[in-house]
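Under the UniProt record's numbering, the sequence shown has 20 at position 20, and the numbering climbs by one with no breaks.
Taking it in order: structure first as structure tokens, then the write-up.
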Amino acid sequence: MRQYRIRVFLSIYIGYAGYYIVRSNFSVASPYLKKNYGFTTADIGLITLCLAVSCGISKFVMGMLSDKSNPRFYIATGLLASAFLNLIFGATASKGVMMLLMVLLGIFQGMGAPAAHKSLSNWWAEKERGSFVSMWNTSHNLGSGTVAPIVGFALAAFGPHMWKSIFFVPSAISIIMAVLVVVLGADTPESVGLPPIQEFKAEEYKGEKIDKTKLQAHSDLSIAQIFIRYVASNPYIWVLALSNAFVYIVRYGVLNWIPIYLNEAKGFSLAQARSSFALFEYAAIPGTILIGWMSDRFFHGKRAGIAAALMALLGVIFLGYWASSSLWAIDVEIALMGIFVYGPQMLIAALTIDLAPRFAIGSTTGFVGLFGYIFGEATASYGIGALVGKNGWNMGFGIIAVSAVFGIICFLILTRAERYKKVEEPEVEGIGR
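As structure tokens, then:
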């Protein structure tokens, strides 16, 4: 079991990092698009809006399909398609074509997280899940953060005139990563002759016997039945979805606009802006792992209250980022925001797995992700881009600040969901594993 768990973890970690390598490179490329193609801030926001809407819908649909899939091949397929689409980005100067490519990219990007969450549910028990989800969650930090040095290497190797290598080089790297996903991955413990996680970690399930008849009944449910009975009917999953939307507004409202904001509003060079972009991602890696470990070790899986506290701290740091003009102060604030954004993001992933039954993890992830992309990233992309273009950065940043407050409220509501789950879990089907 240990060997397979290592392999599966590496598979979903490498795979999801690859998804972000061929996604976050667009943000790094955006100043070059403005300079060379005459794109406006609103144009950049409109293109990224296409990704947000497409990815949100796809994550919902692909999430439901992932409940019936083998995560290994599911993740690899989405990554390969994303890499090939990214190659085409570097070959076009048309805003319309880029919008179409973003729609297609979003469809395949929606395949990653639901399948990874399914693997985490299949291979790790609840009381250890916070630590492993937090470690896996750093995969997109590593992927996004690696974009900056990859771009720096590409521009140094091919020259600034070959800035389109920002698309080509990440694509080549992600194709290799997709192959590794297939080589390392596995479906469920049972598929390789091992006992299910409930038996392997029986002490964490209080010696519960697995009702194989019930498991078979669940496996016979249609995708629609799973969604209606175990996702749409759970009010706390709706609140979780709303919290994800607000976290996404803050996350992408900061991240997507770091290169342009620092270059245009703060006078950073493009190289300095790329470094700050990477700092946002890299600082989150140790912070996220520590937060996940603490949620298991000291809070016994109670994650919503921690997320609310982190969002409150994030709001304070964001106000400092908004007002600062010093290079070192902004970099410190960006690093702290990375921790306080991705901490709640990781806890949402863990809460999604905690609040949904094992056979509905993909559907729940897709539903929660739908809100994040459609209402969250879409607002952070086109909404903020359009507001900034007409009214300046203060208006756009006001949206981010208000979203942080609403995120806190949602997480406080979810603390009740955790108490409810603790008391009622044996009697409420669909809340337990």
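Glycine is no exception: its CB is placed at the ideal position from the N, C-alpha and C atoms.
Just so you know, these numbers come straight off a predicted model, no measurement behind them.
Asked	Found
Proximity below 8 Å, CB of residue 299 to CB of residue 289	no
Top-ranked residue by Cα proximity to residue 282, from 348, 400, 147	147
Beta-carbon spacing of residue 304, residue 199 below 8 Å	no
Collapsed DSSP secondary structure at residue 194 in the structure displayed	coil
Bounding residues of the alpha helix (DSSP H) (the contiguous stretch that carries residue 344)	327-355
Check whether residue 87 and residue 167 have beta carbons under 8 Å apart	yes
Euclidean distance between Cα positions of residue 151 and residue 169	8 Å
Residues of its chain near residue 72, where Cβ-Cβ distance is below 7 Å and the 5 sequence neighbours each way are ignored	11, 181, 182, 185, 186, 187
Residue 354 vs residue 276 beta-carbon contact at 8 Å	no
Proximity of residue 336 and residue 317 at Cβ, strictly below 8 Å	yes
Whole-number beta carbon distance between residue 227 and residue 258, since they are thought to touch under 8 Å	Incorrect: roughly 36 Å between the Cβ atoms, too far for contact.
Nearest residue (CA-CA) to residue 195, options 263, 222, 1	1
Residue 397 versus residue 302 - alpha carbon distance	31 Å
Spatially closest choice to residue 416 from 108, 223, 57, 240, by CA coordinates	240
Top-ranked residue by Cα proximity to residue 268, from 247, 327, 234	327
Among 246, 271, 16, nearest to residue 403 - alpha-carbon criterion	246
Proximity winner among 85, 98, 221, relative to residue 174 (alpha-carbon distances)	85
Ordered list of alpha helix (DSSP H) runs contained in the region 44-93, each at least 4 residues	71-89
Inter-residue CB distance, residue 57 and residue 115 (contact presumed, cutoff 8 Å)	Rounded, the Cβ-Cβ distance is 17 Å, inconsistent with contact.
First through last residue of the alpha helix (DSSP H) which encompasses residue 157	126-158
Under the three-state DSSP convention, the category residue 186 falls into	coil
Residue 211 to residue 4 span [Cα, whole Å]	Note that residue 211 scores a pLDDT of 49, beneath 50, so its modelled location is shaky and nothing firm can be said.
Nearest-angstrom beta carbon gap, residue 362 and residue 117 [assumed within contact, 8 Å]	7 Å
The region 33-52 / the region 376-387 touching (three or more Cβ pairs under 8 Å)	yes
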